[in-house]
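Visitor:
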Amino acid sequence: MGTPLTNEKFEDLLAAATSSAVHLELRDAYMADAAFVEWLETGTVSTDANDEWWISTVGKAVSRGVDVRRARIVSEPLSDYTRWLWECTASVNLTAGEQVRWLPRHRTAGLLTPPSDFWVFDSAVLVWNHFAGDGEWAGNEVTRDKSLVAQCSTAFTAVWQRATDHGEYRPS
Numbered sequence: 003m004g005t006p007l008t009n010e011k012f013e014d015l016l017a018a019a020t021s022s023a024v025h026l027e028l029r030d031a032y033m034a035d036a037a038f039v040e041w042l043e044t045g046t047v048s049t050d051a052n053d054e055w056w057i058s059t060v061g062k063a064v065s066r067g068v069d070v071r072r073a074r075i076v077s078e079p080l081s082d083y084t085r086w087l088w089e090c091t092a093s094v095n096l097t098a099g100e101q102v103r104w105l106p107r108h109r110t111a112g113l114l115t116p117p118s119d120f121w122v123f124d125s126a127v128l129v130w131n132h133f134a135g136d137g138e139w140a141g142n143e144v145t146r147d148k149s150l151v152a153q154c155s156t157a158f159t160a161v162w163q164r165a166t167d168h169g170e171y172r173p174s
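Residue 19 in the working numbering sits at position 17 of the sequence shown, and the numbers go up by one each step.
1. Under DSSP, the beta strand (DSSP E) around Val39 begins and ends at which residues?
2. Can you give the beta carbon distance from Phe133 to Tyr83, rounded, assuming they're within the 8 angstroms contact cut?
3. By how many angstroms is the C-alpha of Trp162 removed from the C-alpha of Ile75?
4. Looking at Val122: is its Cβ nearer than 8 angstroms to the Cβ of Val151?
5. When DSSP labels each residue in this structure, what does Thr8 get in the three-state scheme?
6. Taking all protein chains shown into account, do 16 or more other C-beta atoms lie within 10 angstroms of the C-beta of Leu114, making it buried, or fewer, making it exposed?
7. Using the Cα positions of Ala160 and Thr8, report the straight-line distance between them to the nearest angstrom.
8. When the distance is taken between beta carbons, is Arg107 closer than 8 angstroms to Arg164?
9. Considering only residues of the same chain and omitting the five flanking positions on each side of Ala34, which have a CB-CB separation below 8 angstroms?
10. What are the boundary residues of the alpha helix (DSSP H) that includes Ser174?
11. Report yes or no: do three or more beta-carbon pairs, one from the region 96-103 and one from the region 124-133, lie closer than 8 angstroms?
12. Taking only runs that begin and end inside the region 68-112, name each unbroken alpha helix (DSSP H) of 4 or more residues, in chain order.
In structure tokens, the structure reads:
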């Protein structure tokens, strides 16, 4: 049985981080937002208030010396949503100071990853990100269970080592 969904906010957990924040993404689509819909209609990548919030929030952590890394396991060819994420990564994630890598799902043989996206802060706090089948946000679950934190940290490191840096990754 898992820990119940919590009200701990991402921005508070990131603000408390002192050395690292790592994020593993496993889905090919998440909830649609206005910027994604606009990109589908126009092919234009635009930033919005959510992106500005992200750039500011992550930028503050990076400026304090927190190493923020994101790895995305993706199916190829990319879904429309993942293609949009790839196109937005430079203007949002990299601008915020994140390091981002991509790992095609067909190159994950032998890796063991949990079934849900997660964040690990300072190798001490694990945040499971839960989504409904349609990609809508379903809440987060925070645990400080050392065994689970270690398992997810190990999974992230294995993916990170095999993944390709955003600047070099060319989606099919």
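Glycine included, every Cβ here is placed at the ideal spot set by N, Cα and C.
Because the structure is a prediction, the values reported are computed rather than measured.
Guide: Result, derived from the coordinates:
1. In the sequence shown, counting from the first residue as 1, residue 39 sits at position 37. Counting along the chain, Val39 falls outside any beta strand (DSSP E), though it belongs to the alpha helix (DSSP H) covering 36-44.
2. Position 131 of the sequence shown, counting from 1, holds the residue named residue 133. Position 81 of the sequence shown, counting from 1, holds the residue named residue 83. About 12 angstroms separates the two Cβ atoms, so there is no contact after all.
3. Position 73 of the sequence shown, counted from the first residue, corresponds to residue 75. Position 160 of the sequence shown, counted from the first residue, corresponds to residue 162. For Ile75 and Trp162, the distance between alpha carbons rounds to 10 angstroms.
4. For the purposes of this step, residue 122 is taken as the residue at position 120 of the sequence shown. For the purposes of this step, residue 151 is taken as the residue at position 149 of the sequence shown. Yes, Cβ-Cβ distance for Val122 and Val151 is below 8 angstroms.
5. As a position in the sequence shown, residue 8 is number 6, starting the count at 1. Three-state result, Thr8: coil.
6. Residue numbering aside, residue 114 sits at position 112 when the sequence shown is read from its first letter. With fewer than 16 other Cβ atoms within 10 Å, it is exposed.
7. Within the sequence shown, numbered from 1, the residue matching residue 160 stands at position 158. Within the sequence shown, numbered from 1, the residue matching residue 8 stands at position 6. C-alpha separation (whole angstroms): 28 angstroms.
8. Along the sequence shown, read from residue 1 onward, the residue named residue 164 stands at position 162. Along the sequence shown, read from residue 1 onward, the residue named residue 107 stands at position 105. Not a contact, by the Cβ cut-off of 8 angstroms.
9. On the sequence shown, residue 34 is found 32 positions in, with the first residue counted as 1. The answer, listed in chain order, is Tyr83, Gly137.
10. Against the sequence shown, residue 174 aligns to sequence position 172. Premise fails: Ser174 is in no alpha helix (DSSP H) and is neither H nor E.
11. no
12. 82-91
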